[in-house]
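Heads up: the structure comes next, in structure tokens.
There are 2 protein chains.
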Amino acid sequence: MAMKLTIKEHSPGITDVPGFSASGVACDIRGTGDDRLDLGIILSETPCAGAGVFTQNDVCAAPVRYCKSLLSPTQAFHGIVVNSGNANACTGEQGEKDSVIMADRTREALSLPPKSVFVASTGRIGRALPMPKIEKGIREAAMRMTRDSAGGHDFARSILTSDTQPKTVTVRIESGEQRYTVAGVAKGAGMIEPNMATMLAFIATDIAVPQATLHASLNRAVHGSFNRISVDGDMSTNDTVILLANGTSGGAVSDNADLLDAFHKAVGEVSNRLARMIVSDGERINHVVDLHVKGAKTEEDAEKVARAIGNSLLVKTSWYGNDPNWGRIVDAAGYARVGLDYNKLNLHYGEIPVLVNGTPAEENLPQWKAEVSNREFTINLDLGMGKADYKLLTADLTEGYVDFNKSE
Amino acid sequence: MAMKLTIKEHSPGITDVPGFSASGVACDIRGTGDDRLDLGIILSETPCAGAGVFTQNDVCAAPVRYCKSLLSPTQAFHGIVVNSGNANACTGEQGEKDSVIMADRTREALSLPPKSVFVASTGRIGRALPMPKIEKGIREAAMRMTRDSAGGHDFARSILTSDTQPKTVTVRIESGEQRYTVAGVAKGAGMIEPNMATMLAFIATDIAVPQATLHASLNRAVHGSFNRISVDGDMSTNDTVILLANGTSGGAVSDNADLLDAFHKAVGEVSNRLARMIVSDGERINHVVDLHVKGAKTEEDAEKVARAIGNSLLVKTSWYGNDPNWGRIVDAAGYARVGLDYNKLNLHYGEIPVLVNGTPAEENLPQWKAEVSNREFTINLDLGMGKADYKLLTADLTEGYVDFNKSE
Chain A
1 MAMKLTIKEH SPGITDVPGF SASGVACDIR GTGDDRLDLG IILSETPCAG
51 AGVFTQNDVC AAPVRYCKSL LSPTQAFHGI VVNSGNANAC TGEQGEKDSV
101 IMADRTREAL SLPPKSVFVA STGRIGRALP MPKIEKGIRE AAMRMTRDSA
151 GGHDFARSIL TSDTQPKTVT VRIESGEQRY TVAGVAKGAG MIEPNMATML
201 AFIATDIAVP QATLHASLNR AVHGSFNRIS VDGDMSTNDT VILLANGTSG
251 GAVSDNADLL DAFHKAVGEV SNRLARMIVS DGERINHVVD LHVKGAKTEE
301 DAEKVARAIG NSLLVKTSWY GNDPNWGRIV DAAGYARVGL DYNKLNLHYG
351 EIPVLVNGTP AEENLPQWKA EVSNREFTIN LDLGMGKADY KLLTADLTEG
401 YVDFNKSE
Chain B
1 MAMKLTIKEH SPGITDVPGF SASGVACDIR GTGDDRLDLG IILSETPCAG
51 AGVFTQNDVC AAPVRYCKSL LSPTQAFHGI VVNSGNANAC TGEQGEKDSV
101 IMADRTREAL SLPPKSVFVA STGRIGRALP MPKIEKGIRE AAMRMTRDSA
151 GGHDFARSIL TSDTQPKTVT VRIESGEQRY TVAGVAKGAG MIEPNMATML
201 AFIATDIAVP QATLHASLNR AVHGSFNRIS VDGDMSTNDT VILLANGTSG
251 GAVSDNADLL DAFHKAVGEV SNRLARMIVS DGERINHVVD LHVKGAKTEE
301 DAEKVARAIG NSLLVKTSWY GNDPNWGRIV DAAGYARVGL DYNKLNLHYG
351 EIPVLVNGTP AEENLPQWKA EVSNREFTIN LDLGMGKADY KLLTADLTEG
401 YVDFNKSE
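Same order as they appear, the protein sequences are chains A and B. Per the numbering used here, residue 1 is the first one in the first sequence, and the count goes up by one each step. Per the numbering used here, residue 1 is the first one in the second sequence, and the count goes up by one each step.
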């Protein structure tokens, strides 16, 4: 039967998914004495299948190691506890213990079985977690768990660091009378994160999905979204994406191919929307750039070229200046060293030709300038070497970024 | 016999080498109507052995392709013609022709044999060279060739773009009554070059050196110097290093092992000094950082870690802020993905311990801050995995850099 997908951004997020409750509380992890929400819990009373994708940084934080240790084909999960303000990274054995304590206190407060709670932390690195505050916060958050939209909104706020706004999206899947939900929440502000550019995302669904399918779906979605955003080229010690499926809708992907397809699409949409929100939320960025490199021999080559361009300081500063500087783009493409031939390059800003087989279409200069002056614009670079392509979502480099990040 | 090396920076450079003359003239390549020197020639009336190392960017400029075409084991060279203000890159067939014309006009004006003149260009890319101005400039420069120090100084100024000062160094080699010279001149200001971070360097000697030895010596020197500076991670379309040896001193490395050794050392010194001048001359940089990664399994691993740190925006902005942020350094080291173990890391700012086997030596915080507030400082990171090391000379990232590069 046909499946209809409806997407809503800035939704309550997790609490839109039947069977999930959430909360967010203030426990002053930053020690600033204010009432900023900084600890949150997601809970499903029904056990969930769970999948996770984590940072590939050699230096990964204690909560990342803890989450990885939980993943097994047979493990059932009930929830996630998250704190902001302290990443619990580079914190030695104490850090490992603190992650376990966070999970255990959450389990105890909510009467959950062992190993059923994921842990995530984000914020400053190299400082021990203020555990008394965190344990108090967990007890309080556990008492405030709610399926109301307030729970989803509070959770979404509690995980933020330098983000200017919460990031949530809900996808409703409708098929006749049946209704399913996939919803997600994220934090991360790429280039403006003062300590680490940590990205966290949590996605939940009420569809029943076997663990292996869940992993495959999440991996594919992350590959097509969070792995294709590059704001400052830095990869954090704490990046974490977790997907939980509690099956309370009664719909199962294993006996419904249409639902499986709709589920994959919904997880992809949720991931894409959250990834775009992360790039867009750089309060000190002026431009969001969709970089599309095509005509490469292989996807790997296309990615190399896209990342060389998207991470080039000279390219990023020219975007900041609304300067349609194709020379810097071509130079960066060239040092990706995929063997490109300058005379085969075709470059467009949006739909406007910039280079036609290596020759600048100078008569379009006014349109180039207008295009790159938009807050969001697209760059299409065709290498003329093959049929593979790669899309990268990136941003400009501003004086504000440098100022913001010059000290903690 | 023992060889004594004396090094002098800010020397006349090329004209310090017996048998070499030089000049620099103004021909208004930028079209600004001022009398800025923008075209220069280096000449040896005696034929030279020559070696060159060039950008590895797929998109290399016409003069780079021209120079590469000249290199052969039997070719003798007489000189180099260089213009600044226009890189003659991404200029199609016309660009190729213009490089040949530059070489030919220089040869004609100085009565030199075919294929004996190298060509280099630096500046704006994607614009055809203003050939009438350049041809006039070549004629004038050819008439002004001089062995006086003024020639070396003028040449050094004529090749500059956004550099704030000329870059020259002279090494005298003394052995009893014998005296030999290796001298060099460079341009490049790394992060502040508004169009391309092009680096050009020209080195000359009066020692007789066979072509193959010359190549080996230059390759080794470039590997140890110009290839180990990273200011903004961008590699230009025009990077060029050329070494000419005219043999007028009468000393030949082929029959003097001590001289061969001294020659290698001198070429290394000239390259190192010029490379350091390039990094230091970022008028908008505040810090020059000697990054030393050791204890790696292989030199490749050490280089990966050094480049990840040296090119991390978060690390570079923290240096700008005089912020001893070891967390960002460790995070960047981690995403180089050489399999490092956080608990084996030993980090020093200068001589001051920062991390001892992964544990922060927090009691040193005031000294950390003092150290990274110096204009120049050293970072030593020991990975504790092996015996290989890599040194990278890099700089901070400032608001001034972003402002300077936001438009052409």
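Glycine included, C-beta positions come from ideal geometry on N, C-alpha and C. As the structure is a prediction and not an experimental result, all values here were calculated from the model.
Chain A contact residues for residue i, given Cβ-Cβ distances below 8 Å
i, result
"residue 161 of chain B", "In chain order: nothing, as chain A lies at least about 14 Å away."
"residue 407 of chain B", "318, 321, 322, 323, 325"
"residue 340 of chain B", "58, 59"
Chain A contact residues for residue i, given Cβ-Cβ distances below 7 Å
i, result
"residue 334 of chain B", "57, 58, 59, 237"
"residue 402 of chain B", "317, 320, 397, 398, 399, 402"
"residue 337 of chain B", "56, 58"
Inter-residue Cα distance where the pair is residue i and residue j
i, j, result
"residue 410 of chain A", "residue 33 of chain A", "The structure shown does not extend to residue 410 of chain A, since chain A is modelled only from 1 through 408, so no value can be given for it."
"residue 371 of chain B", "residue 349 of chain A", "45 Å"
"residue 309 of chain B", "residue 271 of chain A", "29 Å"
"residue 352 of chain B", "residue 393 of chain B", "19 Å"
"residue 100 of chain B", "residue 66 of chain B", "7 Å"
"residue 376 of chain B", "residue 289 of chain B", "6 Å"
"residue 243 of chain A", "residue 89 of chain A", "23 Å"
"residue 260 of chain A", "residue 266 of chain A", "10 Å"
"residue 382 of chain A", "residue 188 of chain A", "31 Å"
"residue 268 of chain B", "residue 306 of chain B", "21 Å"
"residue 10 of chain B", "residue 314 of chain A", "29 Å"
"residue 185 of chain A", "residue 167 of chain A", "6 Å"
"residue 276 of chain B", "residue 263 of chain B", "20 Å"
"residue 19 of chain B", "residue 81 of chain B", "17 Å"
"residue 155 of chain A", "residue 17 of chain A", "14 Å"
Beta-carbon contacts of residue i that lie in its chain and below 8 Å, excluding the five residues immediately before and after
i, result
"residue 343 of chain B", "357, 358"
"residue 142 of chain A", "23, 41, 106, 109, 110"
"residue 127 of chain A", "86, 91"
"residue 57 of chain B", "235, 236, 237, 239"
"residue 355 of chain A", "326, 330, 345, 346, 347, 361"
Within chain A, partners of residue i - CB distance below 9 Å
i, result
"residue 72 of chain B", "Going along chain A, no residue has its Cβ under 9 Å from residue 72 of chain B, so there is no contact; the nearest lies around 24 Å."
"residue 301 of chain B", "Those within 9 Å of residue 301 of chain B in chain A number zero; the least Cβ separation is about 11 Å."
"residue 358 of chain B", "90, 92"
Cut-off 6 Å between Cβ atoms - residues of its own chain near residue i, not counting five sequence neighbours on either side
i, result
"residue 174 of chain A", "4"
"residue 73 of chain B", "211"
"residue 297 of chain A", "385, 386"
"residue 112 of chain A", "78"
Residue i (DSSP reduced to helix, strand or coil)
i, result
"residue 290 of chain A", "strand"
"residue 167 of chain B", "strand"
"residue 60 of chain B", "coil"
"residue 274 of chain B", "helix"
"residue 315 of chain A", "helix"
"residue 119 of chain B", "strand"
"residue 243 of chain B", "strand"
"residue 114 of chain B", "coil"
"residue 84 of chain B", "strand"
"residue 229 of chain A", "strand"
"residue 348 of chain A", "strand"
"residue 27 of chain B", "coil"
heavy atom of the ligand ATP below 8 Å from residue i C-beta
i, result
"residue 31 of chain A", "Ligands displayed in this structure: none; no statement on the ligand ATP is therefore possible."
Beta-carbon proximity list for residue i, same chain, < 7 Å, skipping 5 on both sides
i, result
"residue 193 of chain A", "Unreliable placement is indicated for residue 193 of chain A, whose pLDDT of 40 sits below 50; no coordinate value is reported for it."
"residue 245 of chain B", "48, 49, 205, 207, 208, 209, 214"
"residue 178 of chain B", "251"
"residue 148 of chain A", "15"
"residue 53 of chain B", "218, 219, 222, 241"
"residue 131 of chain B", "98, 101"
Per-residue burial, residue i [other beta carbons within 10 Å of its own, 16 or more giving buried]
i, result
"residue 255 of chain A", "exposed"
"residue 398 of chain A", "buried"
"residue 120 of chain B", "buried"
"residue 365 of chain B", "exposed"
"residue 409 of chain B", "Nothing in the structure corresponds to residue 409 of chain B, since chain B is present only between 1 and 408."
"residue 98 of chain B", "buried"
"residue 211 of chain A", "buried"
"residue 35 of chain B", "exposed"
"residue 369 of chain A", "exposed"
Under 7 Å from the C-beta of residue i: neighbouring residues of chain B
i, result
"residue 330 of chain A", "59, 90"
Inset, instruction - Anything in the segment 342–354 of chain B with a Cβ closer than 8 Å to a Cβ of chain E? List those residues in chain order, please. - result: This model lacks chain E altogether; the protein chains it does include are A and B.
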